[in-house]
Amino acid sequence: MENMTRTLDAKGLACPMPVVRTKKAIEELSAGDILELVVTDRGSIADIPMWAKNTGHEYLELVEEGDVLKHYVRKGGEQASDKEESQLKTITNEEYIEIADKGPVTLIDVREPDEFAAGHAPGAKNIPLGQIDQRADEIPAQGEVYIMCRSGGRAGMACDTLETLGHKNLIRVAPGMGDWNGPVE
Numbered sequence: 001m002e003n004m005t006r007t008l009d010a011k012g013l014a015c016p017m018p019v020v021r022t023k024k025a026i027e028e029l030s031a032g033d034i035l036e037l038v039v040t041d042r043g044s045i046a047d048i049p050m051w052a053k054n055t056g057h058e059y060l061e062l063v064e065e066g067d068v069l070k071h072y073v074r075k076g077g078e079q080a081s082d083k084e085e086s087q088l089k090t091i092t093n094e095e096y097i098e099i100a101d102k103g104p105v106t107l108i109d110v111r112e113p114d115e116f117a118a119g120h121a122p123g124a125k126n127i128p129l130g131q132i133d134q135r136a137d138e139i140p141a142q143g144e145v146y147i148m149c150r151s152g153g154r155a156g157m158a159c160d161t162l163e164t165l166g167h168k169n170l171i172r173v174a175p176g177m178g179d180w181n182g183p184v185e
């Protein structure tokens, strides 16, 4: 890609760090500037476009070069950098376990299928972040819906996306499976 303003090397970092580093790097750019993000985390294939969409930046493209992924993001107008995350409700892993022990709950795990297969909270349904908008109809519109990932970052982005699609009563579980001490399926 031509006309890149800055390259950010985030190879070897796993979720949520590529998004965290991207957010910080893009804050230093001017509106219209292009950031090249170089990563090895395959979860970024869903995470970076969703983050850009939710924060008012333009996701341009993904270039795969072997195990290296290059994302290109154009910084949106100045209002984009000031856009705040929604005020979504967040509970801890421990709070979620207490709630789940009392009866049936709806838990959506937005990690990638290989992460989900390696172990997930009992009863969780896997809908990867990159598919959340296309599969939103699989998520109940009534009642509380708990959203989980590895660290809370993707869960927050999923909640933001679902809110824009009209879903209510979304609760992020953080820090998520990366620090999970409960039962695993």
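If you read the sequence shown in full-length UniProt numbering, its first letter stands for residue 1, the second for the next number, and so on.
For every residue, glycine included, the Cβ atom is placed at its ideal position computed from N, Cα and C.
Per-residue burial, residue i [other beta carbons within 10 Å of its own, 16 or more giving buried]
i: A31; result: exposed
i: R135; result: exposed
i: D82; result: Residue confidence for D82 is low, a pLDDT of 37 falling below 50, so the modelled location carries little weight; the figure read from the coordinates is stated next. The residue in question, D82, is exposed, as its Cβ has fewer than 16 Cβ neighbours within 10 Å.
i: E164; result: Residue identity check: residue 164 is Thr in the sequence provided, not Glu. Exposed, since its Cβ has fewer than 16 Cβ neighbours within 10 Å.
i: P49; result: buried
i: A10; result: buried
i: E144; result: exposed
Beta-carbon proximity of residue i to residue j, cut-off 7 Å
i: G130; j: A46; result: yes
i: M148; j: V184; result: no
i: A158; j: V110; result: yes
i: Y59; j: V105; result: no
i: I34; j: T5; result: yes
i: E112; j: G43; result: yes
i: K75; j: L37; result: no
i: G153; j: V19; result: yes
i: K97; j: K125; result: The question names Lys, yet the displayed sequence has Ile at residue 97. Their beta carbons are not under 7 Å apart, which means I97 does not touch K125 by this criterion.
i: G182; j: S151; result: no
i: W180; j: N54; result: no
Delimiting residues of the alpha helix (DSSP H) encompassing residue i
i: V19; result: 17-27
i: E163; result: 153-164
i: D101; result: 93-101
Residue i (DSSP reduced to helix, strand or coil)
i: K53; result: helix
i: M148; result: strand
i: E138; result: helix
i: L129; result: helix
Limits of the beta strand (DSSP E) - the one that residue i falls within
i: T115; result: Inspection of the sequence shows that residue 115 is occupied by Glu rather than by Thr. Per DSSP, E115 belongs to no beta strand (DSSP E); it is in the alpha helix (DSSP H), 113-117.
i: I34; result: 34-39
i: residue 211; result: Absent from the model: residue 211. The displayed extent of the chain is 1 to 185, so no value can be given.
i: T106; result: 106-109
i: D179; result: That residue, D179, is in no beta strand (DSSP E); it is neither H nor E in DSSP.
i: R6; result: 6-9
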